[in-house]
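In the working numbering, the protein residues as written are 302 to 445.
What follows is the structure in structure tokens.
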């Protein structure tokens, strides 16, 4: 049973059609795949859908995302430990705040996931930091 930590930059592709959408839909929709997300991902994906799509479509896609968020994914509560690690990662890798927090949660989950964790993002800078930290990575932009 594969385990994936999916960053917002990748997950939004399931709700907005763009390069990598079909691949991310396959990963996140496959029975048996554990899909881990930080609670922050809910805000980031909702905001991206709202900003990048017309209001009527945004409302439908946000409703679909919220249903998936509540029932289809393993949502991880962010702790003080995550924020402390994120500060270290932000400094070490020169990451944006949200990216550092996403990576901190993924590193934590890699220690407890039932299977080897693959960190999925569509952000090369973040993927490079994740690889440096020892995570296996994948980028949906590599799949048409």
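By construction, the Cβ of each residue, glycine as well, lies at the ideal position given by its N, Cα and C atoms.
* Please work out which residues of its chain come closer than 7 Å, Cβ to Cβ, to residue 411, disregarding the five sequence neighbours upstream and downstream, and give them in chain order. => Start at 1 with the first residue of the chain shown, and residue 411 comes out as number 110. Taken in chain order, the residues that qualify are 418 and 436.
* **Three-way DSSP call (helix, strand, coil) for residue 308 in this model** => The sequence position of residue 308 within the chain shown is 7, counting from 1. Residue 308: coil per DSSP, three-state reduction.
* Asked: Under the three-state reduction of DSSP, which class applies to residue 381: helix, strand or coil?
  -> Here residue 381 refers to the residue found at position 80 when the chain shown is read from its first residue. Reduced to three states, the DSSP call for residue 381 is helix.
* Between which two residues does the alpha helix (DSSP H) harbouring residue 349 extend? -> Numbered from its first residue, the chain shown carries residue 349 at position 48. For residue 349, the enclosing alpha helix (DSSP H) stretches over residues 341-353.
* **Helix, strand or coil at residue 325 according to DSSP, with G and I counted as helix** => Along the chain shown, read from residue 1 onward, the residue named residue 325 stands at position 24. Of the three classes helix, strand and coil, the one that applies to residue 325 here is helix, per DSSP.
* So, helix, strand or coil for residue 363, using DSSP? -> As a working mapping, residue 363 is identified with position 62 in the chain shown. DSSP places residue 363 in helix when its eight states are reduced to three.
* Pair within 8 Å by beta-carbon distance, residue 308 and residue 385 -> Position 7 of the chain shown, counting from 1, holds the residue named residue 308. Position 84 of the chain shown, counting from 1, holds the residue named residue 385. For residue 308 and residue 385, no; Cβs fall outside 8 Å.
* How big is the Cα-Cα spacing for residue 303 and residue 319? -> Your numbering for residue 303 matches position 2 in the chain shown. Your numbering for residue 319 matches position 18 in the chain shown. Cα-Cα distance, rounded: 24 Å.
* **Limits of the unbroken alpha helix (DSSP H) element including residue 428** => Your numbering for residue 428 matches position 127 in the chain shown. Run containing residue 428: 425-433, per the alpha helix (DSSP H) assignment.
* Between 323, 382, 372 and 353, which lies nearest to residue 443 when the distance is taken from Cα to Cα? -> Locating residue 443 in the chain shown gives position 142, where the first residue counts as 1. Comparing Cα-Cα distances from residue 443 to each of 323, 382, 372 and 353, the minimum goes to 323.
* Label residue 321 either buried or exposed according to how many other C-beta atoms from any shown protein chain fall within 10 Å of its C-beta, with 16 as the threshold for buried. => Taking the first residue of the chain shown as position 1, residue 321 is located at position 20. Taking a 10 Å sphere around the C-beta of residue 321, we find 16 or more other C-beta atoms and assign the residue as buried.
* To do: Measure the Cβ-Cβ separation of residue 340 and residue 378 and say whether it is below 8 Å.
  => Counting from one through the chain shown, the residue named residue 340 turns up at place 39. Counting from one through the chain shown, the residue named residue 378 turns up at place 77. For residue 340 and residue 378, yes; Cβs fall inside 8 Å.
* Asked: Using 8 Å as the limit for Cβ to Cβ distance, is residue 427 near chain C?
  -> Looking at the structure shown, chain C is missing, and only one protein chain is on hand.
* Asked: Between which two residues does the alpha helix (DSSP H) harbouring residue 404 extend?
  -> Here residue 404 corresponds to residue number 103 of the chain shown, with the count starting at 1. Per DSSP, the unbroken alpha helix (DSSP H) holding residue 404 starts and ends at 398-411.
* Quick one: what's got a C-beta closer than 8 Å to residue 402's C-beta in the same chain, skipping five residues either side? -> On the chain shown, position 101 is the one that residue 402 refers to. Contacts found: 339, 341, 379, 383, 384 and 387.
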